[in-house]
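**Q** Per the numbering used here, residue 8 is the first one in the sequence shown, and the count goes up by one each step.
Think of the CB as a built atom: it goes at the ideal place given N, C-alpha and C, for glycine as much as any other residue.
All figures in this text were calculated on a predicted structure; none of them were measured in a lab.
Structure incoming, see below.
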Amino acid sequence: MKIQFKPRTSHKNVWMFYAVLTFFLVIFIFLLPVGKEPMLWAVFGFLFLLFAIVFIQAAALPFGYAVSSEGLVLKHFSSKLIPFEDIQVIRAIDAEKTSRLLETVRKKEATATNDLDFLGAMKSMVTYGKMVQYCSFQIVNQDSKVGRKITDVKAITQGDFVVVITSKDELFLISPEDPDGLIEEVEKYLK
Numbered sequence: 008m009k010i011q012f013k014p015r016t017s018h019k020n021v022w023m024f025y026a027v028l029t030f031f032l033v034i035f036i037f038l039l040p041v042g043k044e045p046m047l048w049a050v051f052g053f054l055f056l057l058f059a060i061v062f063i064q065a066a067a068l069p070f071g072y073a074v075s076s077e078g079l080v081l082k083h084f085s086s087k088l089i090p091f092e093d094i095q096v097i098r099a100i101d102a103e104k105t106s107r108l109l110e111t112v113r114k115k116e117a118t119a120t121n122d123l124d125f126l127g128a129m130k131s132m133v134t135y136g137k138m139v140q141y142c143s144f145q146i147v148n149q150d151s152k153v154g155r156k157i158t159d160v161k162a163i164t165q166g167d168f169v170v171v172i173t174s175k176d177e178l179f180l181i182s183p184e185d186p187d188g189l190i191e192e193v194e195k196y197l198k
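Printed below as a string of structure tokens:
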């Protein structure tokens with residue numbers, strides 16, 4: 008028996024705004040007389056693809072979380088099963104701690120790149136990518152005069168995130184609607 012947990016979506020409907028704006032751009036392109044202008048078809052195709060990507064991201068359709076008898080299931084287009092015996096830590100963290108966690112992982116990447124440690128930089132980027140892969144929010148990097156900085160997570164959403172650390176040194180940041188319920192359900196199997 009699987010217990011499903013919905014992903015949390017942004018409390019700001021910025022993505023929906025972009026989706027609607029892109030939709031109207033697509034309609035506008037449809038109204039243009041295309042005729043023998045292949046470039047307009049390319050623009051139309053690009054805008055339609057952009058609309059689809061933005062809409063899917065806004066709706067958090069490919070994301071989901073479940074607790075089954077085998078382990079914690081993370082979904083993002085495909086599913087990843089984390090067996091209960093591999094889970095070392097599962098806990099809720101607030102937006103401020105999430106921002107600090109993301110910054111720490113990104114700083115390791117920047118340090119490895121600056122030291123010309125190619126393998127270290129690649130490992131850090133893979134760690135960062137795996138960490139945010141199952142989070143239903145788009146974590147944005149901002150370039151500034153002092154370097155790259157993670158967007159303040161409080162600006163994206165309210166509520167806690169869940170961090171899962173496995174015995175294989177994998178780190179996952181997930182964003183269920185009910186983080187306490189998910190943690191409680193997983194802890195039933197960990198005892």
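In the DSSP output, what is residue 73 paired with across the bridge?
**A** The partner list for residue 73 (beta bridge, DSSP) reads 11, 80.
**Q** Cutting at 8 Å between CB atoms, please list the residues of its own chain near residue 190, excluding the five before and the five after it.
**A** Cβ neighbours of residue 190 beyond the five flanking positions: 97, 98, 99, 169.
**Q** For residue 144, name the three-state secondary structure that DSSP assigns.
**A** Three-state result, residue 144: coil.
**Q** Excluding the 5 residues preceding and the 5 following residue 203 in the sequence, name in chain order all residues of the same chain whose CB lies nearer than 6 Å to its CB.
**A** Lying before the first or after the last residue shown, residue 203 is absent from the chain, which here runs from 8 to 198.
**Q** Could you compute how far the alpha carbon of residue 110 sits from the alpha carbon of residue 16?
**A** So the two alpha carbons sit approximately 22 Å from each other.
**Q** Measuring only the C-alpha atoms, how far is residue 11 from residue 55?
**A** Straight-line Cα distance between these residues: approximately 32 Å.
**Q** Between which residues of its own chain and residue 58 is the CB-CB distance below 7 Å, once the five residues before and five after are set aside?
**A** Correct list, in chain order: 26, 29, 30, 33.
**Q** Apart from the five residues on each side of it in sequence, which residues of its chain come closer than 6 Å, Cβ to Cβ, to residue 87?
**A** Answer for residue 87: 81, listed in chain order.
**Q** State buried or exposed for residue 35, treating a residue as buried only when at least 16 other CB atoms are found within 10 Å of its CB.
**A** Residue 35 is exposed by the Cβ-count criterion.
**Q** Could you say which of 194, 94, 143, 102 lies nearest to residue 72 if we only look at CA atoms?
**A** If we check each option's Cα against that of residue 72, 143 comes out closest.
**Q** Between which residues of its own chain and residue 185 is the CB-CB distance below 7 Å, once the five residues before and five after are set aside?
**A** Cβ within range, chain order: 12.
**Q** When DSSP labels each residue in this structure, what does residue 104 get in the three-state scheme?
**A** Here residue 104 sits in helix by DSSP.
**Q** Label residue 123 either buried or exposed according to how many other C-beta atoms from any shown protein chain fall within 10 Å of its C-beta, with 16 as the threshold for buried.
**A** Caution applies to residue 123, whose pLDDT of 49 falls short of 50 and renders its modelled position unreliable; the model cannot decide the point.
**Q** Would you call the CB atoms of residue 69 and residue 182 closer than 8 Å?
**A** In this structure, residue 182 does not lie closer than 8 Å to residue 69 by Cβ.
**Q** If you draw a straight line from the C-alpha of residue 103 to the C-alpha of residue 112, how long is it?
**A** Straight-line Cα distance between these residues: approximately 15 Å.
**Q** If you follow the alpha helix (DSSP H) that residue 195 is part of, which residue opens it and which one closes it?
**A** Where residue 195 is concerned, the enclosing alpha helix (DSSP H) stretches over 186 to 197.
**Q** Excluding five sequence neighbours on each side, which residues of the same chain lie with their C-beta closer than 8 Å to the C-beta of residue 137?
**A** Within the same chain, residue 137 has close Cβ partners 177, 178, 179.
**Q** Using the Cα positions of residue 199 and residue 171, report the straight-line distance between them to the nearest angstrom.
**A** Residue coverage of the chain in this structure runs from 8 to 198, which leaves residue 199 outside it and unanswerable.
**Q** Would a C-beta distance cut-off of 8 Å place residue 79 and residue 193 closer than the cut-off?
**A** In contact: residue 79 and residue 193 (Cβ atoms closer than 8 Å).
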